[in-house]
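*Asks:* Input: one structure, supplied below.
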């Protein structure tokens, strides 16, 4: 007989891993749901919602806690801090859970975890919060516009300052709002395997809702499914989970029959597979990444899709590869970045990233670019991309690169839809913004080697 589990205790353990051990939320969630796959769908949904929701609203939740606690949040014991966060999220955002149950279960859990002397503190903070939640005063939008956005949407002030300076307040608010939106999953149709019509019919036969994405004809948004691995079109290699911003990388790369391509930071392999598909079985794609685990993940996707002109291999992009010098027709450098363009999918990114860490990342990006530009043959193409927003990792890196290496920007207008065309796309790059564009936040530049 399966031993009963305490869902709130599991959620607390997940929050401790994410906030104190700095594990990635999507990894923790995936591993936990795999471990407890025998749970009812309702229980798995509760775990997902309460952990993702707490992370999504954590700055706001901490603001609320400090209205009712005489101890600042960051002076609390980590377990108590996360227990209160999970509980306040339920009080504010989960009407189906009675306030009394939230408070009582939190007190029991504090005691079970060895904090008997703090159960009165937990009880007092939560009972006060439950009674006076509607009376909480939030920052005034007119008087403190960025503080207002920070608390309302749970974004760090330093990040909002940078975005507002570059994109303006209105676009910054749209990006913040977008991080709280629920959307379907964007998938790329592998038209070498099946027609789009056949893929759509197959998806709909499983009760899946399908919408056409406006940017690319072979991009679909799907929803109303339980698990992607159970979707027949996915198992057959007909679709690949991939945001449309990532699909645009292969479009802008504009491969030709027989091209030799190197993707230097390729995992999980979506862009590499897309390039391989566009080569129609010709040419060759090397999908490289730094760890064996990432290479194995790419290999699984290669085998599922049946691609024959691609190889996953372990290689560190920060170490020069003399054997690749001047050989590649196309190099994809989708470099490690702060990931601020995909916060909607990975809410913990906004808390883990700092200005200092961002500067460390920029140094890593430039080290990779220094190495891999050498792999591009004369006249060949380098695609520089990131899944982040902001000039530091994008336009400023591009400026540095052009000042130091024999490349020039090329227009990307022939490869994108009219809706995305602008002055910068004519000049060779695009910055996609979540909430402003219908995609993740993403930066793509197309560069031609001139010498």
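In the numbering used here, the protein residues as written are 308 to 758. We put the beta carbon where it would ideally sit given N, CA and C, even for glycine. Note that the coordinates shown come from a computational prediction; the quantities given were computed from them, not determined experimentally.
Between the alpha carbons of residue 504 and residue 431, how many angstroms are there, rounded?
*Replies:* 58 Å
*Asks:* Should the segment 680–690 be called in touch with the segment 719–736, which here means at least 3 C-beta pairs below 8 Å?
*Replies:* no
*Asks:* Over the uninterrupted alpha helix (DSSP H) stretch that includes residue 317, give me the two end residues.
*Replies:* 314–326
*Asks:* Determine which residues share a DSSP beta bridge with residue 528 and list them.
*Replies:* 493 and 518
*Asks:* Let me make sure I understand the geometry here. Which of 633, 472, 575 and 552 has the alpha-carbon closest to that of residue 521?
*Replies:* 552
*Asks:* With DSSP as the reference, identify every bridge partner of residue 488, one or two as the case may be.
*Replies:* Answer is none; residue 488 lacks a bridge partner.
*Asks:* Would you list, in sequence order, the uninterrupted alpha helix (DSSP H) runs of no fewer than 4 residues that lie entirely inside the segment 315–386?
*Replies:* 332–342, 348–363 and 365–375
*Asks:* Between residue 624 and residue 595, how many whole angstroms is the CB-CB distance? I'm expecting something under 8 Å.
*Replies:* 7 Å
*Asks:* To the nearest angstrom, report how far apart residue 498 and residue 364 are at their CA atoms.
*Replies:* 40 Å
*Asks:* Under 8 Å: do the segment 640–656 and the segment 525–540 share three or more Cβ pairs, one atom per stretch?
*Replies:* No, the segment 640–656 does not touch the segment 525–540.
*Asks:* Whole angstroms is fine: what's the gap from residue 308's alpha carbon to residue 351's?
*Replies:* Confidence in residue 308 is poor, its pLDDT being 42 and thus under 50, which makes the residue's placement unreliable; the coordinate value appears in the next sentence. Using only the alpha carbons, I get a separation of about 19 Å.
*Asks:* Among the candidates 568, 664 and 658, whose CA atom is the shortest distance from the CA of residue 618?
*Replies:* 568
*Asks:* Would you decide whether residue 485 is buried or exposed? Buried here means 16 or more other CB atoms lie within 10 Å of its CB.
*Replies:* buried
*Asks:* Rounded to the nearest angstrom, how far is the Cβ of residue 583 from that of residue 608, given a contact under 8 Å?
*Replies:* Rounded, the Cβ-Cβ distance is 11 Å, inconsistent with contact.
*Asks:* Got a sec? Which residues, its chain only, sit under 8 Å from residue 379 by beta carbon, not counting five neighbours each side?
*Replies:* Cβ within range, chain order: 373.
*Asks:* Beta carbon of residue 562, beta carbon of residue 526: below 9 Å?
*Replies:* no
*Asks:* So if DSSP puts residue 741 in a beta bridge, which residue, or which two residues, is it bridged to?
*Replies:* 744
*Asks:* If we ignore side chains and look at the alpha-carbon of each, how far apart do residue 682 and residue 557 end up?
*Replies:* Their Cα atoms are separated by approximately 18 Å.
*Asks:* Note down the Cα distance separating residue 544 from residue 614, rounded to an integer number of angstroms.
*Replies:* 9 Å
*Asks:* Taking 9 Å as the CB-CB limit, is residue 487 close to chain C?
*Replies:* The displayed structure is made up of one protein chain only, and chain C is not part of it.
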